[in-house]
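Q: The number in our numbering is simply the position in the sequence shown, starting from 1, with 7 added.
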Amino acid sequence: MQLIRSFEERSAASFAEGRSPGTCTCVGQEASAVGVVAALREDDLILTNHRSAGHLLARGADPGRLMAEVMGRATGYCGGKSGTLHVSAKELGVILTSTIVGGELSLAPGVALSVSMKGGDEIVTCFFGDGAACEGIFHEALNLAAVWKLPVLFVCENNEWQAFVHRRETMLTDDIASRASAYGIEGRTVDGNDVEAVLAAATEAAAKVRATRMPFLLETKTYRLRGHFEPDDQGYVDKAELASWKARDPIAALRASLLESGALTAGGAAAIERRVAERLDAAFTFAADSPWPSLDELTTHVYA
Ligand SMILES: Cc1ncc(C[n+]2csc(CCOP(=O)(O)OP(=O)(O)O)c2C)c(N)n1
Ligand SMILES: [Mg+2]
């Protein structure tokens, strides 16, 4: 979680200094990413949305190659062609980052169908936002996955915001998980800022999907602590709302509870931060020093 937080904050700072393009950070949502991804098997597949750095890093992505991709360098996960918003990493089973809101929902049933046709017991996890859950494709994807009995763990990261629109303006209910029953499948809401709660809920949900080959809708309630993208001064955000969620920062909460239980010492916590900082120093240097793709790469991996 600390690696994700620091990666995103450095990425935002690097953009502010003109050294890399802007990104959509997942600051504040680290517990959701880590809790869900930790519940998956290594051969399970992942599709995600524009806030994907957390999912990729939780899956074990190399922060150097990830930053290189953001910077458009040849050493990036997609050779520098995807940038931040379309990263895929086949070796990590991360099939897609979709920046078309709901694009990941439209493709996840197809990926799960291919798993089913091959007879495997992998499951497909599809991360999407509360905004995507208000699109028509949400209905189509969940309905089709239910009717065709496809092993998809749908994970809605409900972070209250849909770009610059609050979810109160686009939905009359608080929960998205309750929509699962409309498709005849199971759903559950969990505190998305409590990594242990997310891990427990996702472990149970993933086991159900694996055993029954039926989809499941897990909703993690969380909050986007930075702007929709960089730069974004969050001038449209209610100050009290932001403050109340800052007080529920998932990393600070975990650190406090581990310190209190004695599982972590202050020195241990500092060591984690130091290790993360060293790793990211090396990663950002690697990315910035990496070459641009060569000109003869211009028309490879694209349709013409
Ligand atoms: C089909 C489509 N419509 C609109 C946009 C512009 N857009 C990008 S992100 C976003 C908000 C998405 O909200 P949500 O699904 O809740 O994800 P979050 O950004 O909160 O993680 C919008 C409207 C887009 N990229 N794709
Ligand atoms: Mg949202």
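Heads up, the beta-carbon is just placed ideally off N, CA and C, and yes, glycines get one too. Everything numeric in this text was worked out from a predicted model, so none of it was measured.
Three-state secondary structure (DSSP) at Ser297?
A: Working through the sequence shown from its first residue, we reach residue 297 at position 290. Reduced to three states, the DSSP call for Ser297 is coil.
Q: Below 8 Å on the Cβ atoms is my contact criterion, and I expect Pro300 with Gly87 to pass it. Report the Cβ-Cβ distance as a whole number of Å.
A: The sequence position of residue 300 within the sequence shown is 293, counting from 1. The sequence position of residue 87 within the sequence shown is 80, counting from 1. About 5 Å separates the two Cβ atoms, so the contact holds.
Q: If you measure from the CB of Asp245, is any heavy atom of ligand 2 nearer than 7 Å?
A: Sequence index remark: in the sequence shown, residue 245 carries index 238 (1-based). Incorrect: Asp245 has no Cβ contact closer than 7 Å to ligand 2.
Q: Spatial neighbours of His57 within its chain, please: CB distance less than 6 Å, with the 5 preceding and 5 following residues excluded, ordered by chain position.
A: Translated into the one-based positions of the sequence shown, residue 57 becomes position 50. Closer than 6 Å at Cβ, skipping near neighbours: Cys31, Leu92 and Thr106.
Q: Is Asn200 near ligand 2, in the sense that its beta carbon is under 7 Å from a heavy atom of that ligand?
A: Along the sequence shown, read from residue 1 onward, the residue named residue 200 stands at position 193. The answer is no for Asn200.
Q: On the DSSP letters alone, give me the boundaries of the beta strand (DSSP E) that Ile53 sits inside.
A: As a working mapping, residue 53 is identified with position 46 in the sequence shown. Note, Ile53: beta strand (DSSP E), Leu52 to Asn56.
Q: Would the beta-carbon of Gln169 be found less than 7 Å away from any heavy atom of ligand 2?
A: Stepping through the sequence shown from its first residue, residue 169 is reached at position 162. Checking the Cβ of Gln169 against ligand 2 gives yes.
Q: Starting from Thr210, follow the beta strand (DSSP E) in both directions and report where the run begins and ends.
A: Counting from 1 along the sequence shown, the entry for residue 210 is found at position 203. Looking at the DSSP string, Thr210 is not in any beta strand (DSSP E); the run it does join, the alpha helix (DSSP H), is Val202 to Thr219.
Q: Name, in chain order, the residues that DSSP records as bridge partners for Thr104.
A: Sequence index remark: in the sequence shown, residue 104 carries index 97 (1-based). Answer is Thr55.
Q: Quick check on Tyr84: buried or exposed, where buried means 16 or more other Cβ atoms within 10 Å of its Cβ?
A: Along the sequence shown, one-based indexing puts residue 84 at 77. So Tyr84 ends up on the buried side.
Q: Run through DSSP, which three-state label would Gln9 get?
A: The count along the sequence shown starts at 1 and reaches residue 9 at position 2. Helix, per DSSP.
Q: What number of angstroms, rounded off, separates the C-alpha of Trp168 from the C-alpha of Ile192?
A: Translated into the one-based positions of the sequence shown, residue 168 becomes position 161. Translated into the one-based positions of the sequence shown, residue 192 becomes position 185. Going by the C-alpha atoms only, they are around 26 Å apart.
Q: Does the beta-carbon of Arg195, which I'm using as the reference point, lie nearer than 7 Å to any heavy atom of ligand 1?
A: Locating residue 195 in the sequence shown gives position 188, counting from the first residue. No, the Cβ of Arg195 stays beyond 7 Å of every heavy atom of ligand 1.
Q: Under 6 Å Cβ to Cβ from Ser13, same chain only, skipping five residues before and after it: list those, please.
A: Start at 1 with the first residue of the sequence shown, and residue 13 comes out as number 6. Around Ser13: Val283 and Leu287.
Q: Who pairs with Glu226 in a beta bridge, going by DSSP?
A: Here residue 226 refers to the residue found at position 219 of the sequence shown. In DSSP, Glu226 forms a bridge with Cys163 and Thr196.
Q: What residue range does the beta strand (DSSP E) around Gly136 cover?
A: Here the question's residue 136 lines up with position 129 in the sequence shown. Looking at the DSSP string, the run of the beta strand (DSSP E) that includes Gly136 is Val131 to Gly136.
Q: Rounded to a whole number of angstroms, what is the C-alpha to C-alpha distance between Arg231 and Gly29?
A: Against the sequence shown, residue 231 aligns to sequence position 224. Against the sequence shown, residue 29 aligns to sequence position 22. Each residue's Cα considered, the two are about 16 Å apart.
Q: Is it true that the CB of Gly199 sits closer than 8 Å to the CB of Glu164?
A: For the purposes of this step, residue 164 is identified with residue 157 of the sequence shown, where counting begins at 1. For the purposes of this step, residue 199 is identified with residue 192 of the sequence shown, where counting begins at 1. Yes, these two residues count as a Cβ contact at 8 Å.
Q: Comparing the CB of Asp137 with every heavy atom of ligand 2, is any distance shorter than 7 Å?
A: Taking the sequence shown and counting its residues from 1, the one referred to as residue 137 is at position 130. Correct: Asp137 has its Cβ closer than 7 Å to ligand 2.
Q: Measuring straight from C-alpha to C-alpha, what distance separates Val309 and Ser89?
A: Sequence index remark: in the sequence shown, residue 309 carries index 302 (1-based). Sequence index remark: in the sequence shown, residue 89 carries index 82 (1-based). Those two C-alpha atoms are separated by around 11 Å.
Q: Verify whether the separation of the beta carbon atoms of Val101 and Arg66 is less than 8 Å.
A: Here residue 101 refers to the residue found at position 94 when the sequence shown is read from its first residue. Here residue 66 refers to the residue found at position 59 when the sequence shown is read from its first residue. Closer than 8 Å, so yes.
Q: Go through the region 16-83 residue by residue and report every complete run of the alpha helix (DSSP H) that reaches 4 residues or more, in order.
A: If we require 4 residues or more, the alpha helix (DSSP H) runs fully inside the region 16-83 come out as 37-45, 60-65 and 70-77.
Q: Please identify the residue among Leu73, His62 and Lys97 whose C-alpha is closest to the C-alpha of Ser18.
A: Position 11 of the sequence shown, counted from the start, is the residue given in the question as residue 18. Comparing Cα-Cα distances from Ser18 to each of Leu73, His62 and Lys97, the minimum goes to Leu73.
Q: DSSP on Ala115, reduced to helix/strand/coil?
A: Locating residue 115 in the sequence shown gives position 108, counting from the first residue. It is helical.
Q: Going by the C-beta, is Asn56 closer than 7 Å to any heavy atom of ligand 2?
A: As a first step, residue 56 must be located in the sequence shown, where it is residue number 49. Checking every heavy atom of ligand 2 against the Cβ of Asn56, none is found closer than 7 Å.
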